[in-house]
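Residue numbers (full-length UniProt numbering): 1 to 419. Working notes, structure below.
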């Protein structure tokens, strides 16, 4: 067996594991095999295989309301990620149970080549293959006995991105999305080349390493495993070869075709997240029904948001999906379109855990009452409408602290935002 050299340097991570492979016969395209269930708090847990047209099977976890009337159906909410669903089931239970107990099925699907899903790992983020598979997944979910035919997508970061991308493709069963901490501009506003400068290179390396681990639950290492997981370029090399804006980035960027999304879209961002600017842009330029929210958080779901105050966004999410997937008039579209946390001034404080401020509710963006003024900085720390007399003000700069030094208020923990 010939192994490509691109990833041989990390084979040592796997040499302590040896498993003998046993064959399995996948079903027909779009079919599944359901095996096992776990009842807990009115929730039935199931596992499923969703078969793609090329016979590759994607692994899915299904969280289904338990104890309903015979034949009762529910809308389905999909989170579609490459982050190994089996290793995040505790997180998923805490996240999904809120929706299941309010009348939704939640599906968590591993993207092709990641986690438990079969096939070759996707070559980079948001490929056509990922999105084509996503259309099959949405169609399959809409046709299951537990489904009322309506599917919504949601997620933070990658799950927010591909919620937007799938909405751009308009699969018939996808009725609404809720995207958190995602952007409409993959080149200038995504993590790789924000503002045209390379950022957070360790993310690509982390993705390669995470997906080196064989698929559970058997963690089989065989020739097919080596072909699928090693016979692709490391993501780091892919992104280093795409340093200029162009077709590679445009393929999945919404900002050049806002009118491609026809379904209701709810977008949420955080002031301390790198994707905050996309929220008002989407609110301003999209023609579909849009709701938007910006809070004081970094890169996370708002109920876990840091810095605080946190908020239970799932309450609004249920109202949103009830409106579009259940046909209920929840009143959410009668309320202001834009909820924004307006921060108060506060002195620099490394121990600050909660940002002072207040929520404000606006009809849209830009605000109709906006007035623009030219303001001038003064050497005495003043800000005025006239230029001050000549003077000098110096600021001692320490890049080891604050936003420049990383920490819990930018991206992921202690990663430096600008490397």
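Built from N, CA and C at the ideal position, the CB exists for glycine as well.
Considering just the uninterrupted stretch of the alpha helix (DSSP H) at residue i, what are its terminal residues?
{"i": "residue 280", "result": "278-285"}
{"i": "residue 141", "result": "128-142"}
{"i": "residue 247", "result": "247-250"}
Within 10 angstroms of the Cβ of residue i, are there 16 or more other Cβ atoms? Answer buried if so, exposed if not.
{"i": "residue 249", "result": "buried"}
{"i": "residue 290", "result": "buried"}
{"i": "residue 78", "result": "buried"}
{"i": "residue 240", "result": "exposed"}
{"i": "residue 126", "result": "buried"}
{"i": "residue 50", "result": "buried"}
{"i": "residue 468", "result": "Here the chain covers residues 1 to 419 and nothing more, so residue 468 does not appear."}
{"i": "residue 171", "result": "buried"}
{"i": "residue 302", "result": "buried"}
{"i": "residue 196", "result": "exposed"}
{"i": "residue 133", "result": "buried"}
{"i": "residue 346", "result": "exposed"}
{"i": "residue 392", "result": "exposed"}
Which residues in the same chain have their Cβ closer than 8 angstroms to the Cβ of residue i, if we skip the five residues on either side of it in sequence?
{"i": "residue 101", "result": "41, 42, 43, 65"}
{"i": "residue 181", "result": "156, 157, 160, 268, 269, 270, 273, 275, 299, 300"}
{"i": "residue 89", "result": "61"}
{"i": "residue 194", "result": "188, 274"}
{"i": "residue 243", "result": "193, 198"}
For residue i, which residues in the same chain have their Cβ closer than 6 angstroms to its Cβ, ignoring the five residues on either side in sequence?
{"i": "residue 105", "result": "64, 74, 76, 146"}
{"i": "residue 35", "result": "For residue 35, the pLDDT reaches just 41, beneath the cut-off of 50, and the residue's location in the model is therefore unreliable, although a value from the coordinates is still provided. Cβ within range, chain order: 47."}
{"i": "residue 167", "result": "177, 261, 263"}
{"i": "residue 185", "result": "253, 255"}
{"i": "residue 330", "result": "319, 322, 323"}
{"i": "residue 296", "result": "271, 307, 341, 355"}
What is the residue span of the beta strand (DSSP E) that residue i lies within?
{"i": "residue 341", "result": "338-343"}
{"i": "residue 91", "result": "Counting along the chain, residue 91 falls outside any beta strand (DSSP E), though it belongs to the alpha helix (DSSP H) covering 89-100."}
Should residue i and residue j be called a contact, given that it needs their Cβ atoms to be closer than 9 angstroms?
{"i": "residue 363", "j": "residue 336", "result": "yes"}
{"i": "residue 211", "j": "residue 57", "result": "no"}
{"i": "residue 178", "j": "residue 55", "result": "no"}
{"i": "residue 281", "j": "residue 255", "result": "yes"}
{"i": "residue 111", "j": "residue 174", "result": "no"}
{"i": "residue 215", "j": "residue 117", "result": "yes"}
{"i": "residue 388", "j": "residue 378", "result": "yes"}
{"i": "residue 213", "j": "residue 203", "result": "no"}
{"i": "residue 114", "j": "residue 81", "result": "yes"}
{"i": "residue 232", "j": "residue 325", "result": "no"}
Using a Cβ-Cβ cutoff of less than 7 angstroms, which residues in the same chain neighbour residue i once the five nearest sequence positions on both sides are dropped?
{"i": "residue 259", "result": "287"}
{"i": "residue 165", "result": "126, 131, 252"}
{"i": "residue 420", "result": "There is simply no residue 420 to check, as the chain begins at 1 and stops at 419 in what is shown."}
{"i": "residue 19", "result": "Interpretation of residue 19 is limited by its pLDDT of 31, a score under 50 that renders its predicted location unreliable; the figure taken from the coordinates is listed afterwards. The residues are 218, 219, 220, 221."}
Please confirm whether residue i has its beta-carbon closer than 9 angstroms to some beta-carbon of chain B.
{"i": "residue 231", "result": "Here chain B cannot be found, since the structure has a single protein chain."}
May I ask you to list the residues that DSSP assigns as paired with residue i?
{"i": "residue 80", "result": "109"}
{"i": "residue 395", "result": "Residue 395 pairs with nothing; no bridge assigned."}
{"i": "residue 377", "result": "383"}
{"i": "residue 292", "result": "267, 338"}
{"i": "residue 238", "result": "DSSP, once it has assigned bridges, lists no residue as partnering residue 238."}
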